[in-house]
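Notes to accompany the following structure.
2 protein chains.
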Amino acid sequence: MYTETVRPAPERASDRAYRVLRDEILDGLLPAGTVLLEVEQSARLGVSRTPLRAAVARLVADGLVAGRSGRGFSVTEMSVDSINDLYELREALEERAATLAARGADRSAFRALRERFLAAPALLEAGEHGIHEYYALIDEFDAAIDDAIGNSFLVGALDTVRTHLVRIRRVARGNPVRLRAAAAEHLLILDAIIDGDAALAAHATHVHLHLSRASVLAMLGANEPAS
Amino acid sequence: MYTETVRPAPERASDRAYRVLRDEILDGLLPAGTVLLEVEQSARLGVSRTPLRAAVARLVADGLVAGRSGRGFSVTEMSVDSINDLYELREALEERAATLAARGADRSAFRALRERFLAAPALLEAGEHGIHEYYALIDEFDAAIDDAIGNSFLVGALDTVRTHLVRIRRVARGNPVRLRAAAAEHLLILDAIIDGDAALAAHATHVHLHLSRASVLAMLGANEPAS
DNA sequence: GAATGCGCTTGTGTATACAGAGACCGTGAG
DNA sequence: CTCACGGTCTCTGTATACACAAGCGCATTC
C-alpha cells in the first residue's frame, strides 16, 4: 500500500494554541510575569476558550505558566535561584544520561556527530545564521543521547529541563567565546562516549555544565546588576 | 487576624475528578489498559465532560494515561522495562537528593525521623494497619528530603517518580521481610544525612534502590512468571 | 461463502451560554 | 489624607449543544 506511514496528524486547535503560546514564551515575546487572560488569548489566537484552556493546562504542566491566586495565569519567572535549581537537576540527569550513553552499544551516531562538532568553530564565525545552525547541532546531540539511553522516564525529565533551558539560553546567546568552548566540551563528551568511557563521559558532562552555569550566571549578573 | 493561613481551596470539579481517577489508577481499581470514555467517566463521577477532560489531560501529563491512536484514552501499562527505566531515573534523582540533604544545614527533621524509623520493625508486626503507618512514615521521609533540598525542579521530578512508584509498590506490598530491611536501609541514609556525610548518603541510597528494585522484580517474576 | 461498500452509531473536538467568585475602584467616614 | 466598605464588573469554572471523524455492522454482490 502507498498509505502514509503515520497518521496525517489531526492538528487540533488546542495543539496550535499550545505550540504558539509555548514558542512565544520561549522566544521571550511573552516575558515572565505576562498575564494570560482566556478571552484575550483565545481571540488573539483565533480559537475558542475551551481549546485554549487545554493549551494553558499543558503549559502549567510544563512549568512555563502558573495559576495565580485569584485571577488569570501568568508566565513563570526565571530567577537566579531557579536557574541554579534547574542546573542542579540538569547535572543529575545529564551525568546519568552520559554514563548510559557511554555504556550503549551503538556509537555510530556519536561518531557522525563528532565530525560535525569538529566543524563547529567555523560555524560560529558565520554570524547569526551559524549560531542558529550550532544550536540545531546541539539539538541533534541531545536527540542522539535520548536515542542511546532509550529510557522514556529519563528522556521525559530531560525534556522538561531542556524546555526551561531554552529560556535561559536567550541571555547567553551572542557569546561566541563561550559557544566555542562549549563545542570543545561537547567533543570531549563525544570522545568519551565513543571510547565507552562512562566515568569520563560523566565527569566531562559535569565540567561542561559547571562552565555553562557559570557563564549564564555571569551574563545575567552583567546584564542586570541591580536586580 | 484569625484568617486561615492558606486559601480555603476552591475545590473545583476538575480537581475532584483528577484526584478520584488518580487514586483509582494508583490503587489498581482502574487496571492498566482500562479505556476511559469521556461520557462514561463524567457520568460516573458526576461532573460534566469539560472538567473531566481537564482531569484526563493532567493524568496524561503525569504519564498515568495515554491517548490512543483512534478513540479514547487508556491507563498506561507498567512493564518490567518501564520499571527498570523508572528506577534508573529514581537513582539519579534520589542519590542527588540525598547528597544535597546531607549538605543541608537543618537536620532536626531527620533526627526526629530517625527515632520513628527505629520503631519501624515493631510497626511492621502490627499487620495491615502497621504497614499503612510505615508507608506514611516513608512519605514523611520523602517530604523531609524535599524540604531539605528546596529545589522545585528536583522535587517536581521526584514527585513524578513517586507517583509511578505507588503503582509498583502494590506488588511489593505484604512482604514484611523486605520492608524491615528497607527500614534499616533508611536508617543508614538518615545517619549519613545527620552526620553530613554526603558521599555515604548517596551510596546508601544507591544500595537501597538496588535492593528495592531487585525485590520488586523478584516479586513480579514470582507473581507472573508466564508474562 | 467471502469480500467490499455504505450507512449508522458513537465518541471526541470545539463553541457558546450561564453562574459564581474574586478584584478593582469609587465613595464615605474618621 | 487614609483606610475601610460596598458595588460593579470582569474573568474563570462548568454545562451543554453541535459538527466531524472514525469504527463497526449489515447488506449486497460477485
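If you read the protein sequences in the order shown, they are chains A and B. Mapping to my numbering: the first sequence position 173 is 173, numbers consecutive. Mapping to my numbering: the second sequence position 55 is 1055, numbers consecutive. Every residue, glycine too, gets a C-beta built ideally from N, C-alpha and C.
Per DSSP, residue i is paired with what?
i       : result
B/F1073 : B/L1036, B/G1067
Counting C-beta neighbours from all protein chains within 10 Å, is the total for residue i 16 or more, i.e. buried, or is it exposed?
i       : result
B/L1036 : buried
B/D1146 : buried
A/D195  : exposed
B/D1159 : exposed
B/A1157 : buried
B/E1128 : exposed
For residue i, collect the residues of the same chain with a Cβ closer than 8 angstroms to its Cβ; drop the 5 residues on either side in sequence, then sort them by chain order.
i       : result
A/Y135  : R169
A/E133  : L123, A126
B/I1149 : A1097, L1100, A1101, G1104, V1155
A/D142  : L158, R162
Of all Cβ atoms in chain A, is any one closer than 8 angstroms to the Cβ of residue i?
i       : result
B/A1098 : no
B/V1006 : Note that B/V1006 has pLDDT 42, beneath the 50 cutoff, so the model's placement of it is unreliable and no number is given.
B/D1085 : yes
B/N1151 : yes
B/E1088 : yes
B/L1154 : yes
B/A1214 : no
B/A1054 : yes
B/A1061 : yes
B/L1217 : no
If we define contact as Cβ-Cβ less than 8 angstroms, is residue i a contact residue for chain B?
i      : result
A/D23  : no
A/A57  : yes
A/V102 : Position check: residue 102 of chain A holds Ala in this sequence, whereas Val was assumed. False, the Cβ-Cβ gap to chain B never drops below 8 angstroms.
A/L93  : yes
A/A182 : no
A/A201 : no
A/A157 : yes
A/A43  : no
Skipping 5 residues on each side, what residues in its chain have a beta carbon closer than 7 angstroms to that of residue i?
i       : result
B/R1192 : Here residue 1192 of chain B is Ala; the residue named in the question, Arg, does not match the sequence. Cβ neighbours of B/A1192 beyond the five flanking positions: A1102, L1200, A1201, A1204.
B/Y1087 : L1209, R1213
A/H206  : E91, E95
B/L1026 : V1166, R1167
B/A1144 : A1109, F1110, L1113
A/L188  : A204
Which same chain residues end up closer than 6 angstroms to residue i when comparing Cβ atoms and leaving out the 5 residues on each side of it in sequence?
i       : result
B/A1017 : L1045, V1047, P1051, L1052, A1055
B/S1014 : P1051, A1054, A1055
B/H1164 : L1086
A/E185  : H208
Any heavy atom of the ligand HEM closer than 7 angstroms to the CB of residue i?
i     : result
A/L21 : Of ligands this structure carries none, so the ligand HEM is not represented either.
- Query: Counting pairs of Cβ atoms below 8 angstroms between the stretch 1081-1098 of chain B and the stretch 1062-1073 of chain B, do you hit three or more?
  - Reply: no
- Kindly confirm or deny that the stretch 108-126 of chain A and the stretch 149-156 of chain A touch, where touching means at least three C-beta pairs closer than 8 angstroms. no
- Query: If you pair each beta-carbon of the stretch 173-189 of chain A with each one of the stretch 203-218 of chain A, do three or more pairs fall below 8 angstroms?
  - Reply: yes
- Query: Is the number of C-beta pairs between the stretch 69-82 of chain A and the stretch 122-132 of chain A that are closer than 8 angstroms three or more?
  - Reply: no
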